[in-house]
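Notes follow once the structure below has been shown.
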Amino acid sequence: MTVICVSAFALGWRCQTDLAVGMDVCWHSPDCMEPLLQEDNGMTAQANTQQAPGDLDVGFADNGMINIPQGSSQCVVETSAGKLLYVAQTGRVSWVYRAMADGTSDPTFQPFAWDFAKGQFESFTRLLARRDGKFLLIGNSGNEPFIRQAAITRFNEGGSPDLVFGTKMLPLPVDPVPPEQGLQTFGPTGCLTADNHVLVAASYQLADSEGTTIDSAGRVYTLDDQGHPDTGFEVRFKGPITTIHSIGVLSDGRIVVFGIVDRPASGTSVPNAVLACYNRDGTLNKTFGIDGFWEDKSYAGFGSMVVDDDKIIIAAVTSINNDGNRYVSVQRVLGDGTSDKTFNNGAPLVVDLGSGFINIPSITVQPDKKIVVAGSENFPVQNLYWLRTTEGGELDTSFGDSGVVRQQAGRVNDIIVQRTGNRLILAVNLDSSEAQGPKVLGILS
C-alpha cells in the first residue's frame, strides 16, 4: 500500500469568476424566472493565461462555470452529440438542462421541471445517455422521507417524456412495513447495457424497534428497451448491512456491482468495500474473484466504481492507522476479480488529504487511462478536491499541485470526462465567499 501525503492548505483557483446568476426558462412561462437575472455577486473575472491541468477552464461557459439559477446540482452526462445534460433539484422536483459542449446554453432545448410522482419526497441521482440521443433519469420517490421507491423515466432527445418506456416505479422491498419495524431505502444508481437495457440498483435496511438490523441488501433490476422488467432476473447483493454504490457492465455482458458491506463485530462497525460479479441472467459468476466476490478487508465507509475497458476502478474512503483521519484509496481490479498488477504493483494508492472527514468520492477515467477522483473533505465546512493518477497508479504530478487540487467550500456530486473536449465536468454546490450555489464546472484535463 502506498500512502501519499498532501499538504493541507487550499490552493485556490488560478482565476476568479464573475458569477452572475444565469437565466432559466420555465416549462410553462419563459417570464417566470426573470427576477433571477438581477442577481450578481460582484466578483471580477481575472483569467490567468498560464492555465494548467486541474485548473478551472475559463473558456468553458461563464469563466469556467455553468451557473444554475437555483436548487442543488446533482448529476451530469455527455450526450452522443457531445452536449451536456445536467440536473438540479429544487424542492421535490428536478430541473433538466442541456448545454453545448462549450458550456453555453443549448438554444434547441427547453429546460423543464420533472417529478416521478406529484407531491412526493424525491431525489434524483443518476443521468444516463443513450447513443440515439434519448436519456434516462434515475432517482426515488415516496410519501415518506426515508421510504421511497426507486424510479426511472426515459426522455426523447428533445426532452419530452418517452411514452413507450414511460416512468417506472420499482417495488419496495417490504410492503407493507410491520408496525414494529422500520424500513430505510437509499438512493439508487444504474447503467446501460450494450443492447440498451437498463440496470437499476437500489439498497435498503430493515430494522426492529430497537434499531437492530433484521435484513439489508442491494437489489438489481433490469428493464428492456421498452421498459418491461425481466421478472426472471433477480440479484440480491447481500450482507449484514449492505449498500450498493455503483454498477457497471463488462464487455462480455457480465454485471459488476460495487458496494459497502458492514459486518459489525462486538458492536463495532466493520465496513468493507466489496465487488460482486453476475452473469447476464442474474446468477452469480463464481469465476470472478473468490466464488464471485472481491473484497478489500481495510475499512471503507464510502466509495464508487467505474468500469473502463474491462478494468474495474474503485475509489473509496478508508482508514488505515486508527489515527482518526480518512484517506482516499484508489485501486484497479481486472475483469476476473484479481488485482491489476500494472496499477501501483497491485496495491491501493492511498492519498492523505489531512482530513478526518471525506465524503463519497466520484470517479472517472480519461481516454489516456488516467484516473480522476473528485469529492469533498473536511467537516462541518466541506471543501472541494479533485486528484488524478497516472495509468500506472501514481499521483499525476502534471495535474494541480503534485496531482491534487484543493478548492473552496462546497460539495461535489458527480464527475465525468468530456470526450469532445479537453475537460473534466463536475456537478457541484459551492458555499464560499467567492461563489455560492449550484454549478457545473469545466476543469482542464
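Residue numbers (the working numbering): 864 to 1308.
All C-beta atoms in this analysis are idealised placements derived from N, C-alpha and C, irrespective of residue type, glycine included.
Beta-carbon spacing of residue i, residue j below 8 Å
| i | j | result |
| --- | --- | --- |
| Val1061 | Leu991 | yes |
| Phe972 | Thr1016 | no |
| Gly1164 | Pro1211 | no |
| Gly1116 | Cys1140 | no |
| Trp1249 | Val1228 | no |
| Gln1047 | Ile1077 | no |
| Gly934 | Trp958 | yes |
| Arg1274 | Gln1245 | yes |
| Thr1308 | Leu1287 | Note that residue 1308 is Ser in the sequence shown here, rather than Thr. Going by C-beta atoms, Ser1308 is nearer than 8 Å to Leu1287. |
| Ile1107 | Val1124 | no |
| Lys981 | Arg961 | no |
| Phe998 | Phe984 | no |
| Phe975 | Gly922 | no |
| Ile1226 | Ser1167 | yes |
| Leu1113 | Gly1198 | yes |
| Asp1203 | Val1196 | yes |
| Val1137 | Glu1158 | yes |
| Phe1262 | Gly917 | yes |
| Ala1013 | Ala1065 | yes |
| Asn1188 | Ser1161 | no |
| Gln1281 | Ala1298 | no |
| Leu1289 | Ala1237 | yes |
| Gln913 | Asp920 | no |
| Met963 | Leu1304 | no |
| Pro1230 | Ala1178 | no |
| Gly1111 | Val1169 | yes |
| Val1221 | Val1180 | It should be pointed out that residue 1221 corresponds to Ile in this sequence rather than to Val. Their beta carbons are under 8 Å apart, which means Ile1221 touches Val1180 by this criterion. |
| Ser1004 | Thr1052 | no |
| Leu1216 | Glu1240 | yes |
Delimiting residues of the beta strand (DSSP E) encompassing residue i
| i | result |
| --- | --- |
| Leu1319 | What the structure shows of the chain is the stretch from 864 to 1308, and residue 1319 is not part of that stretch, so it cannot be assessed. |
| Thr1085 | 1076–1086 |
| Met963 | Element bounds for Met963: n/a, residue is neither H nor E. |
| Ile1161 | Looking at the sequence shown, residue 1161 is not Ile but Ser. Here the beta strand (DSSP E) through Ser1161 covers 1156–1171. |
| Thr942 | Where Thr942 is concerned, there is no enclosing beta strand (DSSP E), given that its DSSP letter is neither H nor E. |
| Asn1006 | 998–1007 |
| Ser1308 | Counting along the chain, Ser1308 falls outside any beta strand (DSSP E), and DSSP gives it neither H nor E. |
| Lys1327 | Residue 1327 is absent from the model: the chain starts at 864 and stops at 1308. |
| Phe984 | 984–992 |
| Lys1031 | 1030–1032 |
| Arg955 | That residue, Arg955, is in no beta strand (DSSP E); it is neither H nor E in DSSP. |
| Val1291 | 1286–1294 |
| Arg1017 | 1010–1018 |
| Phe923 | That residue, Phe923, is in no beta strand (DSSP E); it is neither H nor E in DSSP. |
| Phe975 | 975–977 |
| Ala1139 | 1134–1141 |
Exposure label - residue i; buried when at least 16 CB within 10 Å
| i | result |
| --- | --- |
| Glu1073 | exposed |
| Gly966 | buried |
| Gln1089 | exposed |
| Asp1277 | buried |
| Val940 | buried |
| Arg1011 | buried |
| Arg1126 | exposed |
| Val1027 | exposed |
| Ala1057 | exposed |
| Ala944 | exposed |
| Asn1207 | buried |
| Gln1194 | buried |
| Val1291 | buried |
| Arg1251 | buried |
| Pro1301 | buried |
| Thr1260 | exposed |
| Ser1296 | exposed |
| Pro1008 | exposed |
| Leu900 | Caution is warranted here: a pLDDT of 31 is assigned to Leu900, below 50, making its placement in the model unreliable, and the coordinate value is therefore given only provisionally. Looking at its Cβ environment, which holds fewer than 16 other Cβ atoms inside 10 Å, Leu900 is exposed. |
| Ala908 | Unreliable placement is indicated for Ala908, whose pLDDT of 36 sits below 50; the coordinate value is still reported in the next sentence. So Ala908 ends up on the exposed side. |
| Thr1146 | exposed |
| Gly875 | At Gly875 the pLDDT is 44, less than 50, meaning the model places this residue with poor confidence; the figure from the coordinates comes in the next sentence. Exposed is the call here. |
| Phe1049 | buried |
| Ser1132 | exposed |
| Phe1100 | buried |
| request: Give, in chain order, every unbroken run of the beta strand (DSSP E) that is at least 3 residues long and sits entirely within the segment 1188–1228. | output: 1189–1197, 1212–1218, 1225–1228
| Counting Cβ pairs, one atom from each stretch, are 3 or more of them under 8 Å apart for the segment 982–991 and the segment 950–968? | yes
| query | Between the segment 1082–1096 and the segment 1146–1160, do at least 3 Cβ pairs fall closer than 8 Å? | reply | With the cut-off at 8 Å, the segment 1082–1096 and the segment 1146–1160 do not touch.
| field | 3-residue-minimum beta strand (DSSP E) runs that sit fully inside the segment 1083–1132, ordered along the chain | value | With a minimum length of 3 residues, the continuous beta strand (DSSP E) runs that stay inside the segment 1083–1132 are 1098–1101, 1104–1112, 1118–1125.
| field | Ranges of the beta strand (DSSP E) found wholly within the segment 1220–1277, counting only runs of at least 3 | value | 1225–1228, 1234–1240, 1246–1252
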